[in-house]
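Residue 432 in my numbering sits at position 432 of the sequence shown, with consecutive numbering throughout. These notes are about the structure you will find just below.
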Amino acid sequence: MIWQALAQRGQAKRTLIICPAGLTVQWQEEMQDKFGQFFEIFQRDFHTINPRIWDLKACAIASLDCLKRKEHKEKLLENRKWDLIIFDEAHRLSARDYGETKTEKTQNYRLAEDLRDHTDALLLVTATPHQGDATHSRFRHLLGLLDDEIDFGGLEDGQITLWNYAVREPSGNGYRPYKEYILRTPKLNVTDSQGRKIFRGRDTHALRFPMFKDEAEFYKEVSRYISAGYRMVEHLKDRNKKLAIGFVLTVFQKLASSSTHAIKAALYGRKMRLQDKYRRLPDSVDRLESLLDEADERFEGETEEKAAWRLKTEEEFVRDELKDLERLIAMPVKQDRKLVELKQLIKQVFSESEKGEKEKILIFTEYRKTQDHLVEELEKASGKGSVVIINGDMKLDQRKTSVQRFRDNDNVRFMVSTESGGEGINLQFCHVLVNYDLPWNPMRIEQRVGRIYRFGQTKRVQIYNFRGKETVEDKIYGFLEQKIDIAAKALAKVTGEDPEDIKTTMLGQLESEVDYNSIYKRAIVEQNIEQSKEEIEEGVKKAQLAYEIATNSLFRDVSGYSFANYERELKADIDLEALRELTERFLQHHHRQVQKKDGLVEFLTPEDLQGPGIDERFTKVTFDRKAAIENPDLTFFALGHPFVDSMLKACGDVSFGGYCTRRYVKNPKVSPRYGYTFNFIVRQRIHRDDHEEFLFALHPIFVGDDGTIDDIAARVCLESYGDSLNREIQIHLGPDGAFEIAKGRLQKQVKTIWDWEEDVTLLNLALVAVGS
């Protein structure tokens, strides 16, 4: 919304978005989908062999890791300034003080320091601006990127209240309070124009199930294999081998928790690798690191699954590994308890729903093999075509098609997705979500929930988390959930906020406090989770402290989203109905036929308006915001859409000559009356001996409602500021009749008009109420 507002004012023509590598594609898709603006990704869509290439990129996206490299940063700084730079995940811009004299800055922070003077506006986006340190130094430094001199009064550290970022010492009065730099809105506090809360809340259900006997035995043996592999890795000195084997074992553990189908496929692939069956898969450790850094975060599980399959790890993890693999692959697992539980849950949801078997259920898994397995089993039970999918091999248009089928086709009851994030995939028409497997990082679950718990959701969201009893995932996730639930409920009693919102914020904070991979790895190797519990407990305490600091001190009086403030300060005078009428008249002016059906509009775009983001033909256009939210296939016309913005720009252009405005001009020199003002520009030819010269003259003409010409009123209307004429008035003379009168007057004034079309331009026309 901030970018759109600046763009409409012409203050974001050159925009650079800097984010983690895994979010670059997501940002690109979002800006293209929401605003029709294509952002090029540095090192994906273009490179900087010539540093001046940055001058040609009006809208670009780059990763933090890429730009902090010296050669890339230098090339960027050699070019002209940006209008706007946006840092996503801004808490990664870290700097902190040690004592009064030492400050430690990360490379990410130094990048932001260098770029802040290379842009007219800087926007920092983060869910966790405060990291829980008692001195608030990291928070101070983060806001210090926005302004050199900020009043930090009220942080209550007993030491410094006014802080000068530039000179690191207390400074004088006149600085802006830090709270003016922050906008924070808890999700449940967002309201619509009637003050009603937009979000209805959510319920989370833990579905813990005991495995069947053969499943439990298989899981136990796989865990032994993985644990033995981890112990072997500890004795390796070769960094590359250590990294490669550790990565594969970690993925195997995650796959084992996801489904027997997925882990057996991975074990078979490992067996083939050891038997040298996959000579054509030579990915190195360096390539692995690059792949994981650049991969789309939304499909993290898929990326890991593919990388583990392809990685060059021919050496055995454990002694006689090939025999171990053959034994594990051959172990009979005839039943799938998780699948049985899923089918029972589906029956329950259908039986409790008003829609019955037409109720939509969204199912998430991290891995493609599990996805394939689920699709096969669900279609066996509910029929061919009852399931659609989303995964990382699908382009945005294909993913949107899946969403459309899921939404519009009553026979499609299930969507099985591997995509955890992605603002472009809006599923608010569904309110039942199943986490078939649980990512080790619980924030990814929050990203999944965000697909349905969003603007437009009309029901309370129901979330079901599957966990196999007595697995390492069950033990760790259960302990984490217990601790964070207790902390969130305690905080909610003090702050009055929703515990689920608090949990989301705390989980975001935990990402920087807890290494989930090391926690799970330690638990697997040691066969107990006591040390992992200690690390989780310490992390939750820090996250709780950070939240307390943020809500009780930092953000206590910080502004949030207010529809009343929006309506008062930002809402345009033109509403959507007026915009619809303007669009239809504009198209008629350009001799375009407007076809209407079922409240939707279809038309051919005028040739002089065609350009980036503007289709040659528009179909399914709506001016109804609610309809657009419910059906993403519709094209929603509002301020910010490329066609609408171009149309408004064309209407304000000198060459347009269309009907422009309604004005009220208060002036005692003129008797009160209604009429029309026409401002003509006339090109007059003057013939000289050396060449022909053209002069341009402005001719204002006022035609009253009675058809008379009033030169005084014409001059007053031209030279005076006016207000909008909001009231309805009765005027008998139409604009076409008034134009003929004005045209006749102009021809009398300027007798040298040879060609009306070529020599005369109607600059604008206004309906005016003039007088005292």
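Glycine residues also receive a C-beta, built at the ideal position from the N, C-alpha and C atoms.
Check, Outcome
"Would a C-beta distance cut-off of 9 Å place R448 and R208 closer than the cut-off?", "no"
"Tell me which residues share the same chain as D474 and place their Cβ nearer than 7 Å to its Cβ, disregarding the 5 neighbours each side in the sequence.", "R208, R467, G468"
"Nearest to L718 by CA position, among R663, L600, P177, A7, is which residue?", "R663"
"Using the rule of at least 16 other Cβ atoms within 10 Å of the residue's Cβ for burial, across every protein chain shown, is N528 buried or exposed?", "exposed"
"Could you check whether V248 and R231 sit closer than 9 Å to each other, using their CB atoms as the reference points?", "no"
"For the region 741 to 756 and the region 699 to 708, state whether three or more C-beta atom pairs, one from each stretch, are separated by less than 8 Å.", "yes"
"Suppose the cutoff is 7 Å on Cβ atoms and the five residues either side in sequence are ignored; what does the same chain contact list for D759 look like?", "V682, R683, I753"
"Would you kindly report the start and end of the unbroken beta strand (DSSP E) that includes D120?", "119 to 125"
"Which residue from R413, D736, E326, N409 puts its Cα closest to that of I361?", "R413"
"For a quick check, are the C-beta atoms of R138 and I150 less than 9 Å apart?", "no"
"Are there three or more Cβ pairs, one per stretch, closer than 8 Å when the region 532 to 547 is compared with the region 250 to 270?", "no"
"Going by beta-carbon coordinates alone, are N441 and T418 separated by less than 9 Å?", "no"
"When the distance is taken between beta carbons, is L267 closer than 9 Å to L325?", "yes"
"Does the region 472 to 490 come close enough to the region 402 to 411 to have 3 or more Cβ pairs within less than 8 Å?", "no"
"From what residue to what residue does the alpha helix (DSSP H) around N517 run?", "516 to 526"
"So, for A121: in the same chain, excluding its five sequence neighbours on each side, which residues have a beta-carbon less than 6 Å away from its beta-carbon?", "L84"
"To the nearest angstrom, report how far apart Q32 and Q747 are at their CA atoms.", "50 Å"
"Anyone know if the C-beta pair for K400 and D633 falls short of 9 Å?", "yes"
"Considering only the beta carbon of each residue, do T103 and A62 sit closer than 9 Å?", "no"
"To the nearest angstrom, report how far apart E357 and C430 are at their CA atoms.", "13 Å"
"Less than 9 Å between the beta carbons of H118 and L77, yes or no?", "yes"
"Which class does E602 belong to by DSSP, given the choice of helix, strand or coil?", "strand"
"With a 10 Å radius around its C-beta and 16 neighbouring C-beta atoms as the bar for buried, classify E500 as buried or exposed.", "buried"
"Using beta-carbon positions only, say whether V222 and L328 come within less than 9 Å of one another.", "yes"
"Beta strand (DSSP E) containing Y98: first to last residue?", "95 to 98"
"Can you give the beta carbon distance from E511 to M443, rounded, assuming they're within the 8 Å contact cut?", "6 Å"
"From L115 to L6, what does the alpha carbon distance come to, in whole angstroms?", "19 Å"
"Is N435 helix, strand or coil by DSSP?", "strand"
"Name the one or two DSSP bridge partners that A206 has.", "N465"
"If you count every other CB in all the chains shown that lies within 10 Å of the CB of M1, and 16 or more means buried, which is it?", "exposed"
"Can you tell which of Q4, L433, F39, V333 has its C-alpha closest to the C-alpha of S259?", "V333"
"If we count the other Cβ atoms within 10 Å of its Cβ and call it buried at 16 or more, is E366 buried or exposed?", "buried"
"Rounded to whole angstroms, what is the Cα-Cα separation between A769 and I41?", "53 Å"
"Give me the DSSP bridge partner(s) of P700.", "N679"
"According to DSSP, D147 sits in a beta bridge with which residue or residues?", "Answer by DSSP bridge pairing: none, since D147 is not bridged."
"Are the CB atoms of R9 and K81 within a distance shorter than 9 Å?", "no"
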